[in-house]
Every structure is written in structure tokens, then in C-alpha cells.
Amino acid sequence: MVNDSPKTPETSADPLEELKLSIKNKCSHILLDENKNIVTDFAKCKFIKLGENSIFDKDIPTNYYYGSSRNDNYSLISVLFFWLNIETEYYNYLKRAQKEKINAITFTYKTDIVEYLTGKKDKSPNIKSLQG
Numbered sequence: 114m115v116n117d118s119p120k121t122p123e124t125s126a127d128p129l130e131e132l133k134l135s136i137k138n139k140c141s142h143i144l145l146d147e148n149k150n151i152v153t154d155f156a157k158c159k160f161i162k163l164g165e166n167s168i169f170d171k172d173i174p175t176n177y178y179y180g181s182s183r184n185d186n187y188s189l190i191s192v193l194f195f196w197l198n199i200e201t202e203y204y205n206y207l208k209r210a211q212k213e214k215i216n217a218i219t220f221t222y223k224t225d226i227v228e229y230l231t232g233k234k235d236k237s238p239n240i241k242s243l244q245g
């Protein structure tokens, strides 16, 4: 069991930036259940541990937007699932995301989000302040 408190939008660092840093530093991405026990099944996942100390609710919104509405942003689990399936053919990725009931990253944003997460670029027009 992991004993860190989950981060919420009001109290945490940016989950997208934390994911980017964990990718850059080659840190693990650990799925945790509601009791913070390690799980491998996305259906049982409630929290995500990034790096050494950052735990987030899997559904925490990131500041990566795919539309103009305040709810048109991807959750941490959506971005992480995309990253973990980066080598998967896009159609198969979509089928896996649907099976896991995870909002898939659309093809339109695939290159942009990969370039941001890998550090090929520091900014994206799709990364904005979380809208309240």
C-alpha cells in the first residue's frame, strides 16, 4: 500500500506536467486501487502514482484541452493510457480505450501531445489554464 495523499485540482501540481516529468526521468507510472494497493487492471484503478511522491485521482482533469468548453479536457488516466499505448496501432488503441472505458486521445491531438510529453516542445496551443 502506498501512503501518500492523492492530489486534487485545488492542492496539487499540474498532473500533465508531473506525467511529463515522470516520462523524462523514466519513472514508473503505478496504478492504485481505492486502498492505494498496486493494481494492473485499469478498471480497478482509482489513483495514479507518478514518480516518487505524486499521487493523483485518475480522473483529475489535465490542462490539455481538445475544445473550447470548460469540460473539453483530457483526464490524467486518458493521457497516461494513451502514453502507455503509444506503440499500438491507433485503431487498436481506440478499441482498448473503449474496452477500458477511457476517453481516448483523438487522432488530431496525437502528435501534439507526444511532442509535449517527450519534451520535443515546451508549449502547446492546447495546454491552457484549467477553466473554473
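Residue numbers for the sequence shown follow the numbering used here, so the first one is 114 and each next one is one higher. Just so you know, even glycine gets a beta-carbon here, dropped at the ideal spot from N, CA and C. None of the values given here were measured: they were computed from a predicted structure.
> In terms of residues, what are the limits of the beta strand (DSSP E) holding T221?
Replying inline: Stepping through the sequence shown from its first residue, residue 221 is reached at position 108. Note, T221: premise wrong, no beta strand (DSSP E); alpha helix (DSSP H) at F220 to L230.
> Helix or strand or just coil, what does DSSP make of N176?
Replying inline: In the sequence shown, the residue the question calls residue 176 occupies position 63. Three-state DSSP puts N176 in a strand.
>> Please tell me whether L163 and T175 are closer than 7 angstroms, where the distance is taken between their beta carbons.
In response: Locating residue 163 in the sequence shown gives position 50, where the first residue counts as 1. Locating residue 175 in the sequence shown gives position 62, where the first residue counts as 1. The Cβ atoms of L163 and T175 do not sit closer than 7 angstroms to each other.
> E165 to E147, Cα distance in whole Å?
Replying inline: The residue given as residue 165 occupies position 52 in the sequence shown. The residue given as residue 147 occupies position 34 in the sequence shown. So the two alpha carbons sit approximately 19 angstroms from each other.
>> Measuring straight from C-alpha to C-alpha, what distance separates S167 and Y204?
In response: The residue you call residue 167 lines up with position 54 of the sequence shown. The residue you call residue 204 lines up with position 91 of the sequence shown. Cα to Cα, the separation comes out at about 31 angstroms.
> Taking the alpha carbon of S242 as the point to measure from, which residue in K133, R209, R183 and D225 has its own alpha carbon closest?
Replying inline: Numbered from its first residue, the sequence shown carries residue 242 at position 129. Ranking the options by Cα distance to S242, first place goes to R183.
> How about the stretch 130-141 and the stretch 152-160: do they share at least three Cβ pairs that are nearer than 8 angstroms?
Replying inline: no
>> To the nearest angstrom, how far is the alpha carbon of Y178 from that of N239?
In response: Here residue 178 is taken as the residue at index 65 of the sequence shown, counted from 1. Here residue 239 is taken as the residue at index 126 of the sequence shown, counted from 1. Y178 and N239: Cα-Cα distance of roughly 5 angstroms.
> Can you round the beta-carbon distance between L193 and I151 to whole angstroms, since I take them to be within the 8 angstroms contact cut?
Replying inline: Counted from its first residue, the sequence shown places residue 193 at position 80. Counted from its first residue, the sequence shown places residue 151 at position 38. Their Cβ separation, rounded to whole angstroms, is 15 angstroms, which puts L193 and I151 out of contact at 8 angstroms.
>> For Y187 and F169, what's the separation of their Cα atoms in angstroms?
In response: In the sequence shown, residue 187 corresponds to position 74, counting from 1. In the sequence shown, residue 169 corresponds to position 56, counting from 1. Near 14 angstroms, if we compare the C-alpha coordinates of F169 and Y187.
> Who are the Cβ neighbours of K137 in its own chain at under 7 angstroms, not counting the five residues just before and after it?
Replying inline: Taking the first residue of the sequence shown as 1, we reach residue 137 at position 24. Excluding residues within five positions, the ones whose Cβ falls inside 7 angstroms are G232.
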